[in-house]
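Enquirer: My structure is below; once you've seen it, I'll send some questions.
Number of protein chains: 6
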Amino acid sequence: MRVEELTSAEFAKFMRKSPVAFVPFGATEAHGPHLPLGTDSLQPEALCDALADRLDGLVFPPVRYGHHSSTRNMPGTMALSYDTLRSLTKDILESLERNGVSRAVIVSGHAGSLHLAALRDAAEDFVRRSPMRLMVLTDYDIAYRYPLPEEKDWPDGHGGIVETSRILAIRPDLVKDKRPRGLFQDKRFMIVANPETCMPEGMVGDATKASAELGGKVNAFILDRLAELVERNLME
Amino acid sequence: MRVEELTSAEFAKFMRKSPVAFVPFGATEAHGPHLPLGTDSLQPEALCDALADRLDGLVFPPVRYGHHSSTRNMPGTMALSYDTLRSLTKDILESLERNGVSRAVIVSGHAGSLHLAALRDAAEDFVRRSPMRLMVLTDYDIAYRYPLPEEKDWPDGHGGIVETSRILAIRPDLVKDKRPRGLFQDKRFMIVANPETCMPEGMVGDATKASAELGGKVNAFILDRLAELVERNLME
Amino acid sequence: MRVEELTSAEFAKFMRKSPVAFVPFGATEAHGPHLPLGTDSLQPEALCDALADRLDGLVFPPVRYGHHSSTRNMPGTMALSYDTLRSLTKDILESLERNGVSRAVIVSGHAGSLHLAALRDAAEDFVRRSPMRLMVLTDYDIAYRYPLPEEKDWPDGHGGIVETSRILAIRPDLVKDKRPRGLFQDKRFMIVANPETCMPEGMVGDATKASAELGGKVNAFILDRLAELVERNLME
Amino acid sequence: MRVEELTSAEFAKFMRKSPVAFVPFGATEAHGPHLPLGTDSLQPEALCDALADRLDGLVFPPVRYGHHSSTRNMPGTMALSYDTLRSLTKDILESLERNGVSRAVIVSGHAGSLHLAALRDAAEDFVRRSPMRLMVLTDYDIAYRYPLPEEKDWPDGHGGIVETSRILAIRPDLVKDKRPRGLFQDKRFMIVANPETCMPEGMVGDATKASAELGGKVNAFILDRLAELVERNLME
Amino acid sequence: MRVEELTSAEFAKFMRKSPVAFVPFGATEAHGPHLPLGTDSLQPEALCDALADRLDGLVFPPVRYGHHSSTRNMPGTMALSYDTLRSLTKDILESLERNGVSRAVIVSGHAGSLHLAALRDAAEDFVRRSPMRLMVLTDYDIAYRYPLPEEKDWPDGHGGIVETSRILAIRPDLVKDKRPRGLFQDKRFMIVANPETCMPEGMVGDATKASAELGGKVNAFILDRLAELVERNLME
Amino acid sequence: MRVEELTSAEFAKFMRKSPVAFVPFGATEAHGPHLPLGTDSLQPEALCDALADRLDGLVFPPVRYGHHSSTRNMPGTMALSYDTLRSLTKDILESLERNGVSRAVIVSGHAGSLHLAALRDAAEDFVRRSPMRLMVLTDYDIAYRYPLPEEKDWPDGHGGIVETSRILAIRPDLVKDKRPRGLFQDKRFMIVANPETCMPEGMVGDATKASAELGGKVNAFILDRLAELVERNLME
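Protein chains in written order, with our numbering: chain A, 23 to 258; chain B, 23 to 258; chain C, 23 to 258; chain D, 23 to 258; chain E, 23 to 258; chain F, 23 to 258.
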């Protein structure tokens with residue numbers, strides 16, 4: 023159930039069931055030559071819809087802008103500052119509380135360390151003031167637990183086999199047929215003004231091996247694991 | 023063309039044409055018993071899609087949270103602070119600039135005075151530092167110029183005949199058949215903690231007279247006028 | 023009674039009557055070739071003095087700096103940022119509360135939309151935490167309700183017939199004899215770095231028709247209406 | 023010449039002479055049972071008027087709110103936060119610069135250490151970015167250099183003999199006939215929530231010995247010394 | 023060479039060699055029943071001293087407060103907010119630049135994700151404005167690459183075998199003889215107000231196996247690897 | 023007892039005695055050609071250690087960065103902004119409170135007026151929310167009460183006879199044998215971008231007369247006076 027499609031009265035009625043609130047945090051970010059800029063929005067939005075279906079929860083409107091370090095200078099990346107993203111998270115959490123939400127899950131499609139730090143910083147501060155039961159995670163915390171055949175030469179990452187496969191399963195029309203391989207160039211702890219040079223191909227891993235079938239399996243794996251976690255954490 | 027659906031390379035190629043960037047700013051807000059909470063997102067997103075089609079522009083990802091004063095305490099309203107909304111606008115403008123955008127239009131579906139002030143505050147500051155040609159408006163600045171038969175008893179406003187008609191033209195499945203009439207209760211310059219009492223029906227105007235036909239006309243009127251303004255302001 | 027002229031003990035004694043506190047917010051802003059830079063300070067200060075006389079209230083020290091968009095680059099305009107003005111308003115409201123004020127009226131002589139937004143933003147936030155009964159308005163919200171003969175060719179505005187007349191009634195020595203006519207040049211939603219071009223004459227309306235007599239009537243009209251509103255809102 | 027009384031054009035014309043800008047920073051603060059709450063506004067405003075007369079300078083609109091530590095809880099004290107006062111100072115300095123001011127003097131009537139720190143903090147930051155020649159002082163930096171007969175039992179301070187005498191010379195109608203003596207109670211470096219206990223009489227010194235004559239001498243002394251400093255610092 | 027022990031003139035002379043600046047960021051944090059609260063300060067300070075010796079660099083004064091999430095409520099933990107830590111980092115980087123430093127390494131003893139995010143956030147912003155060559159790391163990024171015999175039952179972490187061994191090598195007098203074993207209790211993405219429950223023993227790993235000998239080896243390993251990285255990154 | 027050397031459990035046990043917490047605030051600042059950059063850290067750290075010994079208190083980790091105005095551009099000075107220093111103080115005070123500290127003393131080695139204002143600003147705000155008994159001072163508030171033979175030609179100040187003598191008593195190895203004399207050049211209330219010109223010698227006073235013996239006496243004088251004040255203020 024998408025909050026955006028409910029009237030105020032329907033929403034108020036639904037809230038009497040104390041549903042779990044799912045808030046998808048996406049991003050607009052370069053994802054290599056083969057994946058769309060909305061890749062990190064598509065994944066958590068599809069996941070939250072599926073979770074809400076299964077657990078009779080509510081999906082709140084998505085956020086489609088995030089914080090980006092390494093891809094910041096690549097064409098199409100739209101980057102919020104840490105502070106903007108944290109304030110946005112804080113305001114959304116406070117609005118959830120004002121609406122009587124008592125259990126919530128923030129799912130971030132983007133897994134950048136500062137991006138996640140902004141979400142967690144807001145969340146840690148919030149739970150000190152609120153009794154809300156709250157989870158914050160990126161679906162990639164779970165995705166990378168899916169047992170893949172090892173790819174020694176092409177360790178998987180941003181825009182790689184897992185991500186490409188997942189988008190093939192969600193929106194195949196948006197994935198290019200020609201898919202690259204890319205390696206991550208370690209910066210050895212240097213903080214640089216051109217961090218995009220760490221990804222010469224704009225992505226990391228072997229996307230030639232991606233498939234909608236694998237993507238479907240990974241998506242189902244994440245959905246099952248996360249639904250179980252939500253039930254244990256928030257609904258018992 | 024939606025930025026979210028382009029790859030980084032496609033986006034970079036499209037940018038060579040110096041397209042106008044359209045950024046729809048929506049909201050999640052109570053809109054009476056008959057309209058969905060996403061009403062203020064649906065309108066500017068549909069409008070920006072149509073504008074981009076007509077003018078060969080680019081639609082950037084929508085923002086679906088805004089600032090709300092009078093409806094803040096109504097079920098389903100999600101409210102950002104002024105500062106969060108302003109920072110978000112600032113960061114989006116700076117990201118547009120980093121991506122080489124030289125002409126942009128921010129279209130806000132919500133017309134609250136502090137909401138618009140936040141957008142304009144960020145924009146005024148931005149244009150002092152940037153050569154970007156920039157428009158900021160709410161589609162209601164134009165919508166209310168559409169010549170309606172006068173409704174003395176039910177002066178139109180939030181969730182009234184114009185807004186209901188427009189949503190009937192965009193997403194009729196989300197509008198309830200039972201539609202109310204409401205009057206605005208003037209607060210006589212009082213600043214109060216329960217501002218929602220200014221709208222006892224949660225809306226203002228006579229929505230019983232709304233129709234998809236009228237909505238279609240208003241939407242076309244806005245599209246024509248705004249396309250013309252964009253051409254004169256940004257494309258000549 | 024002006025707070026500035028009372029001793030601490032006299033103030034404390036006066037406070038036992040729970041008087042209404044009036045706080046005039048002025049500005050230092052270009053007002054065409056005929057009006058002084060302090061125009062927006064003179065009006066609310068005179069009004070607050072008269073209101074306090076009539077309603078046995080207290081006038082707190084004036085603020086004489088505000089936020090300015092369109093006149094920002096004109097000679098003599100002194101402009102605060104939105105944040106400074108909001109903080110100032112917040113601190114004044116909190117000081118009023120610490121002093122035991124339970125009813126207050128902020129009267130702004132300047133009517134810029136971001137200027138008023140800053141005052142209201144601070145006030146909305148404040149009333150959520152405080153039981154104070156609070157009004158925030160610009161005297162122009164009332165002034166423009168005064169029935170003037172229609173001036174189709176010279177729609178009235180900043181520095182026009184009403185404002186010039188009011189200053190003629192308050193401080194005629196500060197008004198130049200040679201008074202202009204000016205038209206507002208619509209920017210069609212453009213946000214520009216040189217917004218002063220919207221007022222080529224530095225003012226809007228037909229100031230040649232201004233008179234002290236008209237100004238006196240408008241001032242009396244505002245005083246009467248506002249005194250009545252204050253009584254109904256705060257003193258019943 | 024008071025900026026508030028000039029039109030925009032008159033101001034622009036006057037600016038061609040590169041006049042020194044004087045900005046009086048006052049305060050609204052309890053000053054014992056005998057002095058008005060506006061004491062700290064009256065002094066720098068009178069001084070700036072006299073300085074501008076003598077040196078053909080411009081007086082900008084006064085600020086009448088400041089930062090207060092020890093008197094914060096006394097009736098009638100209106101207190102800004104450090105940040106608000108600093109932002110206000112910053113915005114005024116930047117507006118001066120935008121108006122072409124190249125020499126300026128901020129004169130603060132209040133001499134609290136955090137109050138002055140806020141002014142200086144803004145000023146130090148400003149001069150790193152601006153070529154403006156800028157002085158920041160409180161008139162009490164000079165007042166206490168005036169040779170008084172020593173008062174061992176009643177060391178002079180806030181609301182004492184100097185301050186009472188100065189107000190007697192400026193606005194005798196606002197000074198009560200019954201004047202107190204008070205001692206400062208040292209807090210021995212304690213930071214306390216009730217700092218007003220350091221002044222049981224609400225003032226410090228022996229105000230019974232104050233006179234308009236002495237006040238006139240002190241005021242003239244300050245004017246002479248400061249005019250000389252301004253000439254040496256800013257006009258050579 | 024410790025900056026604190028040099029005079030201004032000696033410092034200026036040393037700077038002519040363009041030395042690498044090392045800035046140790048420590049913390050004050052509970053580290054189990056056996057390790058001192060200054061554990062995270064001792065490690066990077068010893069490391070920076072050794073690096074500066076080997077590479078003829080300068081050690082700047084240590085910071086001994088950091089950001090803490092999981093141990094925040096444990097006795098003795100002193101926690102800065104993200105913003106304070108980021109501002110501190112920013113100010114130190116800008117002071118380094120003002121002093122002519124062109125190569126710098128920030129070494130953090132604490133490895134919390136928000137703590138490191140604060141350092142990196144400041145650093146990423148800084149390098150966009152400055153040509154300084156800058157590394158930011160925690161010594162634990164390297165420490166955990168040291169090949170340890172696997173401890174399946176007691177996976178190593180905060181206060182575990184590596185950290186205890188390192189402190190045994192640096193300040194054995196501060197390590198208690200009785201050393202615990204602890205397991206990390208996964209919170210399954212919950213953000214909670216009592217995060218310390220993730221470490222019932224206050225530490226993670228098997229500290230009973232710690233030894234000064236192992237600590238010496240790990241410290242030497244880190245020193246060698248990091249010295250090599252600094253040479254390649256900053257000195258070639 | 024240094025907090026850094028205690029385990030979490032030892033700290034918790036010690037806290038049962040409600041000890042006074044001493045927090046030394048140092049600085050890294052040019053102190054003339056003869057004194058080390060850490061001069062302002064050495065003094066309060068030694069003093070806090072001695073105070074804690076005498077009064078059975080706890081010394082918290084030192085801060086070694088401060089705010090600097092006049093020496094900001096001298097080699098080796100590391101300067102925090104006012105806001106960073108205030109936030110740091112605030113966070114430390116809140117951490118003390120979270121740890122159950124009920125009496126605390128902040129001792130600052132640096133006595134700059136904005137530096138002290140930042141500490142006091144944080145402290146004044148804090149005590150309005152907390153019952154903690156709190157002292158904030160610089161040891162120079164006491165040092166300058168020590169009766170010195172008068173030095174008319176070389177009035178003492180930054181890096182002068184008192185400060186040099188104190189460092190000679192604490193760390194004689196860090197003081198150069200060749201010691202200067204310097205005069206303070208009054209800026210006559212000018213706020214300038216090159217404030218270091220107020221100290222052509224980088225110091226103020228006659229350091230040629232400094233001695234370890236005098237330093238020892240001054241240090242003992244401060245220790246005695248301050249211990250007595252702490253007992254009266256916090257321990258009775």
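Beta carbons are placed, not taken as given, at the ideal position from N, Cα and C, and that holds for glycine.
Do three or more CB pairs link the region 110 to 120 of chain B to the region 132 to 148 of chain B at distances below 8 Å?
Expert: Touching, yes.
Enquirer: Cutting at 8 Å between CB atoms, please list the residues of its own chain near Thr29(B), excluding the five before and the five after it.
Expert: Nothing meets the Cβ criterion.
Enquirer: Could you round the C-beta distance between Pro97(C) and Ala52(C) to whole angstroms and report it? I think they count as a contact, below 8 Å.
Expert: Going by Cβ atoms, the distance from Pro97(C) to Ala52(C) rounds to 6 Å, so yes, they are a contact pair.
Enquirer: In terms of residue numbering, what span does the alpha helix (DSSP H) encompassing Arg108(A) cover?
Expert: Looking at the DSSP string, the run of the alpha helix (DSSP H) that includes Arg108(A) is 104 to 120.
Enquirer: Could one say the Cβ of Val42(C) lies closer than 8 Å to chain B's Cβ atoms, at least one of them?
Expert: No, Val42(C) lies away from the interface with chain B (no Cβ there is under 8 Å from its Cβ).
Enquirer: Three-state secondary structure (DSSP) at Arg76(D)?
Expert: In the structure shown, Arg76(D) sits in a helix (DSSP, three-state: H, G or I).
Enquirer: Starting from Arg155(C), follow the beta strand (DSSP E) in both directions and report where the run begins and ends.
Expert: Its beta strand (DSSP E) spans residues 155 to 160.
Enquirer: Please state whether the Cβ-Cβ distance between Gly204(D) and Gly224(D) is less than 8 Å.
Expert: For Gly204(D) and Gly224(D), yes; Cβs fall inside 8 Å.
Enquirer: If we ignore side chains and look at the alpha-carbon of each, how far apart do Val45(A) and Val252(A) end up?
Expert: For Val45(A) and Val252(A), the distance between alpha carbons rounds to 13 Å.
Enquirer: Among all the DSSP beta bridges, which residues are the ones paired with Ser130(E)?
Expert: Phe47(E), Thr160(E), per the DSSP bridge assignment.
Enquirer: Counting along the chain, where does the alpha helix (DSSP H) carrying Glu235(C) start and finish?
Expert: Where Glu235(C) is concerned, the enclosing alpha helix (DSSP H) stretches over 234 to 252.
Enquirer: Confirm, please, whether the CB-CB distance from Tyr104(C) to His89(C) is below 8 Å.
Expert: Yes, the Cβ-Cβ distance between His89(C) and Tyr104(C) is below 8 Å.
Enquirer: Counting pairs of beta carbons, one from the region 124 to 141 of chain B and one from the region 156 to 169 of chain B, are three or more of them closer than 8 Å?
Expert: With a cut-off of 8 Å, the region 156 to 169 of chain B and the region 124 to 141 of chain B count as touching, because enough Cβ pairs lie within range.
Enquirer: Quick one: does His180(C) have its CB under 8 Å from some CB of chain D?
Expert: For His180(C), the answer is no, since every Cβ of chain D falls outside 8 Å of its Cβ.
Enquirer: To the nearest whole angstrom, what separates the beta carbons of Val25(F) and Leu73(F), a pair I think is in contact under 8 Å?
Expert: About 14 Å separates the two Cβ atoms, so there is no contact after all.
Enquirer: Decide if Pro66(F) is buried, meaning its Cβ has at least 16 other Cβ atoms within 10 Å, or exposed.
Expert: By the 10 Å Cβ count, Pro66(F) comes out buried.
Enquirer: What in chain C is Cβ-close to Leu196(D), meaning under 8 Å?
Expert: By Cβ distance, chain C contributes Glu27.
Enquirer: Can you look up Met212(C) in the DSSP assignment and give me helix, strand or coil?
Expert: Reduced to three states, the DSSP call for Met212(C) is strand.
Enquirer: Measure from the alpha carbon of Lys174(B) to the alpha carbon of each residue in Val226(B), Asp62(B), Ala165(B), Phe243(B), then state which is nearest.
Expert: Considering only alpha carbons, the answer is Val226(B).
Enquirer: DSSP on Thr93(F), reduced to helix/strand/coil?
Expert: Reduced to three states, the DSSP call for Thr93(F) is coil.
Enquirer: Quick one: what's Arg125(B) bridged to in DSSP?
Expert: In DSSP, Arg125(B) forms a bridge with Arg155(B).
Enquirer: Among the residues of its own chain, which have a CB less than 8 Å from the CB of Pro222(D), if the five just before and after it don't count?
Expert: Excluding sequence neighbours, Pro222(D) sits near Gly204, Leu205, Gln207.
Enquirer: Got a sec? Which residues, its chain only, sit under 6 Å from Thr99(A) by beta carbon, not counting five neighbours each side?
Expert: Cβ neighbours of Thr99(A) beyond the five flanking positions: Glu51, Ala52, His90, Thr93.
Enquirer: Short of 7 Å Cβ to Cβ, which residues in the region 102 to 131 of chain D face chain C?
Expert: Those residues of the region 102 to 131 of chain D that come within reach of chain C (Cβ to Cβ, closer than 7 Å) are Leu102, Ser103, Asp105, Thr106, Ser109, Leu110, Asp113, Ile114, Ser117, Asn121.
Enquirer: Quick one: grab the DSSP three-state call for Asp178(B).
Expert: Three-state result, Asp178(B): coil.
Enquirer: How about Arg76(E) and Ile164(E): do their beta carbons lie closer than 8 Å?
Expert: No, the Cβ-Cβ distance between Arg76(E) and Ile164(E) is not below 8 Å.
Enquirer: For Met96(B), return the contacting residues in chain A, with the cut-off set at a CB-CB distance below 7 Å.
Expert: Neighbours of Met96(B) on chain A, chain order: Ser30.
Enquirer: Identify the contact partners of Glu146(F) in chain D, using a Cβ-Cβ distance below 7 Å as the criterion.
Expert: Result: Ser91, Ile213.
Enquirer: Of the choices Ile189(F), Ala101(F), Ser152(F), whose alpha-carbon is the least far from that of Ser124(F)?
Expert: It is Ser152(F).
Enquirer: May I ask you to list the residues that DSSP assigns as paired with Pro58(D)?
Expert: In DSSP, Pro58(D) forms a bridge with Thr29(C).
Enquirer: Using a cut-off of 9 Å between C-beta atoms, extract the partners of Gly60(D) located in chain C.
Expert: In chain order: Arg24, Val25, Glu26, Glu27, Leu28, Pro83.
Enquirer: Interface residues of chain C around Asp143(B) at Cβ under 7 Å?
Expert: Going along chain C in sequence order, the residues near Asp143(B) (Cβ under 7 Å) are Tyr104, Leu136.
Enquirer: Could you spell out where the alpha helix (DSSP H) holding Asp147(D) opens and where it closes?
Expert: That run of the alpha helix (DSSP H) goes 135 to 149.
Enquirer: Under a CB-based cut-off of 8 Å, is Met37(A) close to chain B?
Expert: Chain B contact via Cβ: present.
Enquirer: For Thr50(D), go through chain C and note every residue whose CB falls closer than 9 Å to its CB, in chain order.
Expert: Here the neighbours are Val25, Glu26, Phe82, Pro83, Ser117.
Enquirer: Quick check on Asp195(E): does DSSP put it in helix, strand or coil?
Expert: Looking at Asp195(E) - three-state DSSP - the assignment turns out to be helix.
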